[in-house]
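A.B. asks: In this text, residue positions in the sequence shown follow the working numbering: the first is 489, and each later residue adds one.
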Amino acid sequence: MKIFNSLFDNYSIFDNKKAKVYCCGPTVYDNIHIGNARPIITTDVLVRFLEFLEVEVDYLQNITDIDDKIISKAKAENKKESEITDRYIDDYLRDLKNLNIRKPNKIIPISEKMNSIIDYIEEMVDKGIAYESNGDVYFDVQGIKKYGELSNRKIEELISGARVEINQNKKNPLDFTLWKKTSEGQFWVTTWSSGRPGWHTECVALIKEYFNSQIDFHIGGIDLKFPHHENERAQFLGTDRKELSKIWVHNGHLEFNKQKMSKSIGNMILVNDFINQNDANTLRYLLLTTHYKQPLDFSEDLVGQSKKAILKIDNLIKKVQLKIALKEITKTTERELDENYNIINYLKKFTEIMEDDLNTPVVITLIESMVKEINKQADSKKVNGVIDDLITILQVLGFDFEMKEFDNETIKQIHNWKELLEQKKYEEADKIREALVKKKII
Numbered sequence: 489m490k491i492f493n494s495l496f497d498n499y500s501i502f503d504n505k506k507a508k509v510y511c512c513g514p515t516v517y518d519n520i521h522i523g524n525a526r527p528i529i530t531t532d533v534l535v536r537f538l539e540f541l542e543v544e545v546d547y548l549q550n551i552t553d554i555d556d557k558i559i560s561k562a563k564a565e566n567k568k569e570s571e572i573t574d575r576y577i578d579d580y581l582r583d584l585k586n587l588n589i590r591k592p593n594k595i596i597p598i599s600e601k602m603n604s605i606i607d608y609i610e611e612m613v614d615k616g617i618a619y620e621s622n623g624d625v626y627f628d629v630q631g632i633k634k635y636g637e638l639s640n641r642k643i644e645e646l647i648s649g650a651r652v653e654i655n656q657n658k659k660n661p662l663d664f665t666l667w668k669k670t671s672e673g674q675f676w677v678t679t680w681s682s683g684r685p686g687w688h689t690e691c692v693a694l695i696k697e698y699f700n701s702q703i704d705f706h707i708g709g710i711d712l713k714f715p716h717h718e719n720e721r722a723q724f725l726g727t728d729r730k731e732l733s734k735i736w737v738h739n740g741h742l743e744f745n746k747q748k749m750s751k752s753i754g755n756m757i758l759v760n761d762f763i764n765q766n767d768a769n770t771l772r773y774l775l776l777t778t779h780y781k782q783p784l785d786f787s788e789d790l791v792g793q794s795k796k797a798i799l800k801i802d803n804l805i806k807k808v809q810l811k812i813a814l815k816e817i818t819k820t821t822e823r824e825l826d827e828n829y830n831i832i833n834y835l836k837k838f839t840e841i842m843e844d845d846l847n848t849p850v851v852i853t854l855i856e857s858m859v860k861e862i863n864k865q866a867d868s869k870k871v872n873g874v875i876d877d878l879i880t881i882l883q884v885l886g887f888d889f890e891m892k893e894f895d896n897e898t899i900k901q902i903h904n905w906k907e908l909l910e911q912k913k914y915e916e917a918d919k920i921r922e923a924l925v926k927k928k929i930i
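#1: How is ASP845 classed by DSSP in three states: helix, strand or coil?
#2: Helix, strand or coil for GLU542, going by three-state DSSP, please let me know.
#3: Among the residues of its own chain, which have a CB less than 8 Å from the CB of VAL629, if the five just before and after it don't count?
#4: Cα separation between ILE753 and TRP667?
#5: Consult DSSP for LYS668 and reduce its assignment to one of helix, strand or coil.
#6: May I ask you to list the residues that DSSP assigns as paired with PRO597?
#7: On the DSSP bridge assignment, give the partners of GLN747 in chain order.
#8: Is it buried or exposed for GLU569, if we count other Cβ within 10 angstroms and need 16 for buried?
#9: Between the C-alpha atoms of ARG772 and SER500, what's the straight-line distance to the nearest angstrom?
#10: Which of the three DSSP states, helix, strand or coil, is assigned to ARG684?
#11: Short of 6 Å in beta carbon distance, which residues of its chain neighbour ILE881, apart from the five on each side in sequence? Order them along the chain.
#12: From the DSSP output, which residues share a beta bridge with ILE763?
#13: Quick one: give me the first and last residue of the alpha helix (DSSP H) that GLU922 is part of.
#14: Give the DSSP bridge partners of TYR510, in chain order.
#15: Considering only C-alpha positions, which residue in the set ALA693, ILE558, LYS633, TYR580 is nearest to GLU611?
#16: Tell me whether ILE735 sits in a helix, a strand or coil according to DSSP, three-state version.
#17: Using CA coordinates, which residue listed in ALA813, LEU638, ASN504 is at the minimum distance from LYS892?
#18: Express the C-alpha separation of TYR608 and ILE617 in angstroms, rounding to a whole number.
#19: Residues in its own chain within less than 6 Å of TYR517 by CB, not counting five upstream and five downstream?
#20: Going by C-alpha distance, which of ILE596, LEU712, ASP767, PRO783 is nearest ASN745?
#21: In terms of residue numbering, what span does the beta strand (DSSP E) encompassing GLU620 cover?
#22: With a threshold of 6 Å on Cβ separation, who are the neighbours of THR530 within its own chain once the five nearest residues in sequence on each side are excluded?
#23: Name the two residues that bound the continuous beta strand (DSSP E) containing ASP624.
#24: Report back the beta-carbon spacing between GLU743 and PHE699 to the nearest angstrom; my notes put them in contact at under 8 Å.
#25: Using a threshold of 9 Å, state whether the C-beta atoms of MET756 and HIS903 are closer than that.
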């Protein structure tokens, strides 16, 4: 498959049968918002599609449960830091489940890997790419010639344009913190000082320990490209003399009134709130209508359009299921023919589109045409294998849809409902209808 690689500002080809995937997880001082969900859903679509291609995927994600924001939140609520992090980790796992995310093979809170992080910082100091100064440890940016390549920046320009506080402990204003000397909040005792690690070293230390090698895909929002991902990459270049990831995938911002959705601005919608008011399929559809690389301006109109599209798909699947159960139509495994009597292979089309940089907007158009075709079939006496292809495509994209086979009791219930309607016994029919709606049959 072809996918845009931010490192080279060009496309890279991935054709291996195994894939190591990493996506930055949340800092657990609050619930995630739908802007935070975009890289998570982008990664989910990539992972699901790779698995559809029969690629064996090993997917790792971190949880940052050590951070100044967590300390501030704990102080504000007069609670222990662990109470804050435990609550929001539980909420995050709930959100992943509700979003129908294919759970990573491993989700690791940073606090569980502190020894590995400290060892990695020691390795950088020993190799001369990091230095201790008054209890803090900094990464020596000028020791990495390739620094800035991911974000397409030059060290000299970064230094001259840097808006940084003067820090006498640093050799260079761009040098970033690997270890912060502090006794506030959670801290660990090391030979340098009591303190805790810097954010930029947490992810790379985790990747290094878990995979012990270069990974295939590193995924995250465009806002993380610099400095976070650039600094991750610099550390691995310094210790292992190779790129941390073969392919860097960055999604565009989710915006609200042309501003990036963020907690600091306050223009956010929590994932849990969105799902309670709408549903996970609507959010996923909304995000996939725009290519992952592009910014997406959130609006209620967009929500309404996405909800309408999801309802159309849902109604179609229920309609076909119901007609099959009532034996009003038959279902075959045949495939639709084009004007030249060639079989239209929707799964092949889907694969070709997705192999072109996960081009989900074009897939959405394909889905719309399939829905129209299946609706025509459902109004006749026979549906063919296109409905199976549609369900497969929807599931690969991570939508929560399936074709159900009803048991005898449910089929009997459906027949009773239909008979009562024909007999104009609407009150009794409505009771059965309510039960069928609860079962999501109609």
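Even glycine gets a Cβ: it sits at the ideal position worked out from N, Cα and C.
C.D. replies: Looking at the coordinates:
#1: What you label residue 845 is simply residue 357 of the sequence shown in a count that begins at 1. Three-state DSSP puts ASP845 in coil, outside helix and strand.
#2: Mapped onto the sequence shown, residue 542 falls at position 54. If DSSP states are grouped into helix, strand and coil, GLU542 belongs with coil.
#3: Reading the sequence shown from its first residue, position 141 is the one you call residue 629. Closer than 8 Å at the Cβ level, and outside the excluded window around VAL629, lie TYR635, ILE643, ASN660, LEU662, ASP663, PHE664, ALA722.
#4: Indexing the sequence shown from 1 puts residue 753 at position 265. Indexing the sequence shown from 1 puts residue 667 at position 179. Those two C-alpha atoms are separated by around 29 Å.
#5: As a working note, residue 668 is residue 180 in the sequence shown. The answer is strand: DSSP assigns LYS668 an E or B state.
#6: Taking the first residue of the sequence shown as 1, we reach residue 597 at position 109. For PRO597, which the question treats as bridged, DSSP gives the partners ILE551.
#7: Against the sequence shown, residue 747 aligns to sequence position 259. PHE744, per the DSSP bridge assignment.
#8: Residue 569 sits at position 81 when you count from the first residue of the sequence shown. The residue in question, GLU569, is buried, as its Cβ has 16 or more Cβ neighbours within 10 Å.
#9: Position 284 of the sequence shown holds residue 772. Position 12 of the sequence shown holds residue 500. Rounded to the nearest angstrom, the two C-alpha atoms are 26 Å apart.
#10: Position 196 of the sequence shown, counting from 1, holds the residue named residue 684. Strand, per DSSP.
#11: For this step, residue 881 is matched to residue 393 along the sequence shown. Taken in chain order, the residues that qualify are PHE838.
#12: Counting from one through the sequence shown, the residue named residue 763 turns up at place 275. BP columns for ILE763 are empty, so no partner.
#13: In the sequence shown, residue 922 corresponds to position 434, counting from 1. Unbroken alpha helix (DSSP H) run through GLU922: 914-926.
#14: Sequence index remark: in the sequence shown, residue 510 carries index 22 (1-based). Answer is LEU548, HIS706.
#15: Stepping through the sequence shown from its first residue, residue 611 is reached at position 123. It is ALA693.
#16: To locate residue 735, count along the sequence shown from 1; it is residue 247. ILE735 falls in the strand class under three-state DSSP.
#17: Taking the sequence shown and counting its residues from 1, the one referred to as residue 892 is at position 404. Of the listed residues, the one whose Cα sits closest to LYS892 is ALA813.
#18: On the sequence shown, residue 617 is found 129 positions in, with the first residue counted as 1. On the sequence shown, residue 608 is found 120 positions in, with the first residue counted as 1. Rounded to whole angstroms, ILE617 to TYR608 spans 12 Å at the Cα level.
#19: Position 29 of the sequence shown, counted from the first residue, corresponds to residue 517. Contacts found: LYS557, ILE558, LYS561.
#20: Against the sequence shown, residue 745 aligns to sequence position 257. Minimum Cα distance to ASN745 is reached at PRO783.
#21: The residue given as residue 620 occupies position 132 in the sequence shown. Looking at the DSSP string, the run of the beta strand (DSSP E) that includes GLU620 is 618-621.
#22: Locating residue 530 in the sequence shown gives position 42, where the first residue counts as 1. Here the set comprises ASN739, TYR780.
#23: Mapped onto the sequence shown, residue 624 falls at position 136. Its beta strand (DSSP E) spans residues 624-627.
#24: Within the sequence shown, the letter at position 255 stands for residue 743. Within the sequence shown, the letter at position 211 stands for residue 699. GLU743 to PHE699, Cβ: 33 Å. No contact.
#25: The residue labelled residue 756 in the question sits at position 268 within the sequence shown. The residue labelled residue 903 in the question sits at position 415 within the sequence shown. The answer is no: Cβ separation not under 9 Å.
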